[in-house]
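Asker:
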Amino acid sequence: MADIRWVDHHIEVTPPKHPKKITGTRMAGIFGLNKWVTPFRMWCEITKTWEQPFVSTKYTEAGKVIEPKQAAFMKDAYGMSNLRTPTDIFGPDYFKTTYGDFFHGVKIFGGMWDYILVDENGKATTVLEMKTTKRAEDWSEDIPEYYALQAALYAYLLGVDKVIMVATVLEESDYDHPENFRVTAENTFLVPFRLSERYPDFAERVNKAVDWWEKHVEEGISPDYDAKKDKEILDELRSKSVSALDDEQKLLAEAEQLQQKLDAVKAETDQDEKRLKILKDWIKDRASRELSDGIDKVDITGQNLRWVLSRTQSRTVDTDALKKDGLYEKYSKPTEKLTLTVKTISD
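Numbering (numbering that gives the first Met the number 0), first residue to last: 0 to 346.
#1: Judging by CA-CA distance, which residue of 261, 143 and 67 is the nearest neighbour of residue 34?
#2: Using the Cβ count rule (16 or more neighbours within 10 Å means buried), how would you classify residue 103?
#3: For the candidate residues 208, 238 and 57, whose alpha-carbon lies nearest to that of residue 106?
#4: Relative to the C-alpha of residue 239, which residue among 49, 203 and 211 is closest?
#5: Just how far apart, CA to CA, sit residue 80 and residue 74?
#6: Determine, using beta carbons only, whether residue 124 and residue 165 come nearer to each other than 7 angstroms.
#7: Indicate the three-state DSSP secondary structure (helix, strand or coil) for residue 9 in the structure shown.
#8: Would you tell me roughly how many angstroms separate the C-alpha atoms of residue 86 and residue 42, rounded to the nearest one?
#9: Output the distance between the C-alpha atoms of residue 265 and residue 254, rounded to the nearest integer angstrom.
#10: Drop a sphere of 10 angstroms on the beta-carbon of residue 8, count the other beta-carbons inside from all chains shown, and report buried for 16 or more, exposed for fewer.
#11: Do residue 401 and residue 154 have their C-beta atoms within less than 7 angstroms of each other?
#12: If we call anything under 7 angstroms between Cβ atoms a contact, is residue 30 one with residue 224?
#13: Give me whichever residues DSSP pairs with residue 114 in a beta bridge.
#14: Taking the Cβ atom as the reference point for each residue, do residue 162 and residue 117 lie within a distance shorter than 7 angstroms?
#15: Helix, strand or coil for residue 47, going by three-state DSSP, please let me know.
#16: I'd like the span of the alpha helix (DSSP H) that includes residue 65, first residue to last.
#17: Spell out the partners DSSP gives residue 306 in its beta bridges.
#18: Considering only the beta carbon of each residue, do residue 186 and residue 167 sit closer than 7 angstroms?
#19: Once DSSP output is grouped into helix, strand and coil, what is the label at residue 274?
#20: Is it right to say residue 58 is buried, meaning 16 or more other beta carbons lie within 10 angstroms of its own, or is it exposed?
#21: Which residue's Cα is closest to the Cα of residue 341: 277, 318, 251 and 288?
#22: Taking DSSP as the reference, what is the three-state secondary structure of residue 163?
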């Protein structure tokens with residue numbers, strides 16, 4: 000993990016020598032136009048400060064399986080014999096060949112388009128972006144902006160004006176067996192647009208992205224983070240993993256052995272603890288009925304144990320009222336608490 004300096008509501012790192020490029024997927028994110036990610040998260044990915052490990056799901060797997068079917072549908076239904084795949088252009092192992100970037104000649108921007116249409120000379124004329132969704136309502140009024148910008152960037156980098164978004168609507172059950180799914184005119188629709196018409200200012204957007212890159216990536220200064228939306232990232236950035244030294248391994252091994260022994264005992268007594276809690280709640284409720292003015296302690300005596308319920312008086316502070324009156328920060332002070340938790344290696 001990079002050496003991080005925490006400053007106000009942003010962080011600073013040593014500028015990376017080989018940052019990731021602004022792809023079509025990331026472009027909307029850095030401008031705050033993708034509701035699923037924040038500009039801070041995009042910056043963390045681009046600078047390699049933090050990145051969520053990719054986890055394949057049935058939704059991502061369905062997209063990979065159905066995308067070639069969408070391309071075949073476009074060829075057959077719309078006579079697009081001039082449709083070209085990344086394999087046609089870069090070879091069968093195109094991801095390894097291109098390292099996931101079809102625009103090596105561009106410094107800041109990159110990524111991989113899904114399909115293109117070409118003219119008789121093999122020059123790209125149109126970008127096709129394939130999407131699968133179970134939320135047709137997201138497309139009811141227009142293309143989701145983060146998808147449109149993704150396709151628009153690839154069109155801009157290729158120097159073409161035409162874009163065709165191909166969206167196929169799936170039912171939840173379709174994700175379980177995407178190999179059986181058939182792309183048809185009933186479940187698939189097209190939304191074409193021209194870059195020059197939808198984004199007449201796209202060159203300005205690119206320039207703004209370059210400014211963002213120069214300010215945040217080349218300088219190593221993040222955009223402001225959102226304490227709530229970026230909590231997962233912030234928690235991880237504030238943590239540190241330490242490897243024990245050789246002479247410390249013996250102590251760790253002893254602690255581990257004792258912890259596992261106690262965990263095994265706890266597993267055996269879990270049901271007893273749950274039942275005991277129910278009984279304690281009953282005892283507490285029973286004893287509380289005997290509390291009254293002048294009586295602050297009630298004993299219930301069993302065969303071997305005496306259960307004692309005590310009532311004490313204390314005052315609580317209405318922090319919301321203090322904050323509203325602007326007094327909370329003045330009359331409160333930060334406290335620090337250290338908590339040690341134990342997790343298995345696989346957690």
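Don't be surprised by glycine CBs; every beta carbon is placed ideally from N, CA and C.
Answerer: Reading off the structure:
#1: 143
#2: exposed
#3: 208
#4: 49
#5: 6 angstroms
#6: no
#7: strand
#8: 30 angstroms
#9: 16 angstroms
#10: exposed
#11: In the structure as shown, the chain starts at 0 and stops at 346, and residue 401 therefore has no counterpart that could be examined.
#12: no
#13: 127
#14: no
#15: coil
#16: 57-77
#17: 299
#18: yes
#19: helix
#20: exposed
#21: 251
#22: strand
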